[in-house]
Amino acid sequence: MGLDAGTRFPELELEEPATEAALRRILRARRPDVVHVQELTGLPSSVLEVARHESVPVVMTLQDYQALCPTLKLYDSHGEICLRTQPGAECVICCRDAPADPVVMRGVTTAFEIERVTARLPARTRAAARHALTRVAQAVGKPGQPSAGATSGGADRAAEYQRRRDVNLDRLSRVDALVAMSSRVAEIHAGLGVDPDVLRTVPLTLAHLDRLSPRVIAEPPAPVRFVTLTGAQSEQKGAQVLLAAAEALQAVGHTRGYVIDVYGPVDSGVRGGLERLPAVRLRGSYAGAEEIGSVLDGADVGIVPSVWEEALAFVGLELLAKGIPVIGNARGGIPDYTIPGQTGWLNRSCGGAELAEIMAGVIADPGQVVRLNRSIRERRDELVKPLERHLDELDEIYADAAR
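Take a look at the structure:
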């Protein structure tokens, strides 16, 4: 219910009669060939069972670890990767700041619907209508939601979170096909108990990747322009790693020959430290796919410093689509496309010290950037998947599930 903050009501993420009844009515009315679940966020996992009981094949995409982890990331309260098979007690701690009601999911849903409705209005009236509808949505009551006082305590709560994990493992294993975004996502799900026979590794793509024109870097860049798109956003995204690397470069006397451009939100815990470093430039946010091409026209090397098992990290694919080599942490799906000697450098320790060493090596020998840029452009067809090719892959999975 609270996305990264987790949920106080793990049982509601397993069963919810009204949602189940609504889906059952739709399935009986439409009789689809296949149901594809893109995300379970905001839905009970019982919807998988509803479709199965209605004899409709189910395909589900694994974009994160939501079914296994109420905070999505398998990242525990100690800042470590959580691969516990009995996580209940830790889930209680990780979900301690979860909202007392479905406020996050409700806000996301109403914002989407308001945007969809107001898009049909004349341009001059959209802003006012959007504002008015948002105020109405905020004022509407919240019937039927559980109260914070309804939560059980201590051991009972740990048991509820453990049941969430155990039931979801069983339900995922009954799905006809689970589409994992990366080999690591598939590996983790199988390792925690999902039937490996239902897992398929099919990297997702984004429509704008194929439209990005790769840069040709013909000469060693001077200065080397490092860029990170969301790497300072949070601890999980690698904010502390990025700061540690930038400080380490400064400490050993690297004050010239490079800049580090930081795009996107900046975690308050690292903002001050980054602002004090002369090589770091905080660039703020950008308008997503609309601006990513122009943003990356000013970059030579990308940094993807995530410390959680990030499912794929699309920012890395955006960098490669622009022909820009990647320094990527060896977490999640990042190693699938960060190939030493071909597309970039792998930070195997995932720490700031090794990141600084890699960056220092690039600063000392920027000719590496030229060679990797050429290699990336030569491998573009295997690195950048057009949306049409991905849809063909899904069609094959649908056909197999429907047999």
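If you use this note's numbering, the sequence shown corresponds to residues 6 to 408, in order. Cβ atoms here follow ideal geometry from the backbone N, Cα and C, with glycine treated the same way.
Counted within 10 angstroms of its Cβ, other Cβ atoms place residue i as buried (16 or more) or exposed
i, result
"G333", "buried"
"F231", "buried"
"F14", "buried"
"L126", "exposed"
"K147", "Annotation note: pLDDT 46 at K147 (below 50); position unreliable, no value reported."
"R179", "exposed"
"G154", "Bear in mind that the predicted position of G154 carries a pLDDT of just 45, short of 50, making it unreliable; the figure below should be weighed with that in mind. So G154 counts as exposed."
"D341", "buried"
"I98", "exposed"
"D366", "Here residue 366 turns out to be Gly, not Asp, going by the sequence shown. Classification for G366: exposed."
"A250", "buried"
"R189", "buried"
"A253", "buried"
"G93", "buried"
"E18", "buried"
"V203", "buried"
"R176", "buried"
"L73", "buried"
"G337", "buried"
"D386", "exposed"
"T348", "buried"
"Q238", "buried"
"T66", "buried"
"A160", "exposed"
"S290", "exposed"
"V122", "exposed"
"G11", "buried"
Counterpart residues of residue i in DSSP-defined beta bridges
i, result
"F231", "I265 and V306"
"W350", "I332"
"Y403", "Y403 is not bridged to any residue."
"V52", "Bridge partners of V52: none, in fact."
"L248", "None; L248 has no bridge partner."
"L45", "DSSP, once it has assigned bridges, lists no residue as partnering L45."
Three-state secondary structure assigned by DSSP to residue i
i, result
"M364", "helix"
"L301", "helix"
"G146", "In this predicted model, G146 has a pLDDT of only 47, less than 50, meaning its place in the structure is not dependable; the value taken from the coordinates is given anyway. In the structure shown, G146 sits in coil (DSSP, three-state: anything other than H, G, I, E or B)."
"L174", "helix"
"R384", "coil"
"Y342", "helix"
"A253", "helix"
"V184", "strand"
"R13", "coil"
"V190", "helix"
"R140", "helix"
"Y166", "helix"
"G278", "helix"
"V122", "helix"
"R57", "helix"
"G93", "helix"
Distance between beta carbons of residue j and residue i, contact taken as under 8 Å
i, j, result
"H194", "A185", "7 Å"
"L174", "L197", "7 Å"
"E323", "I297", "6 Å"
"I329", "V306", "7 Å"
"L138", "I119", "5 Å"
"L217", "A326", "4 Å"
Chain D within 8 Å of residue i, Cβ atoms only
i, result
"A250", "The structure shown has no chain D; it contains just one protein chain."
Is the stretch 391-407 close to the stretch 202-209, with three or more CB pairs under 8 Å? yes
Contact between the stretch 317-329 and the stretch 166-182 is defined here as three or more beta-carbon pairs at a separation below 8 Å; is this criterion met? no
Are three or more beta carbon pairs between the stretch 242-251 and the stretch 356-363 nearer than 8 Å? yes
Three Cβ pairs or more, each shorter than 8 Å: is that satisfied between the stretch 371-391 and the stretch 270-287? no
Is there contact here, the stretch 38-51 with the stretch 63-77, by at least three beta-carbon pairs under 8 Å? yes
Three or more C-beta pairs under 8 Å: does that hold for the stretch 387-396 against the stretch 275-290? no
Across the stretch 222-238 and the stretch 248-264, are there enough close Cβ pairs to call them in contact, namely three or more that are closer than 8 Å? yes
Measuring CB atoms only, is the stretch 54-64 touching the stretch 35-43, in the sense that at least three cross pairs come out at less than 8 Å? yes
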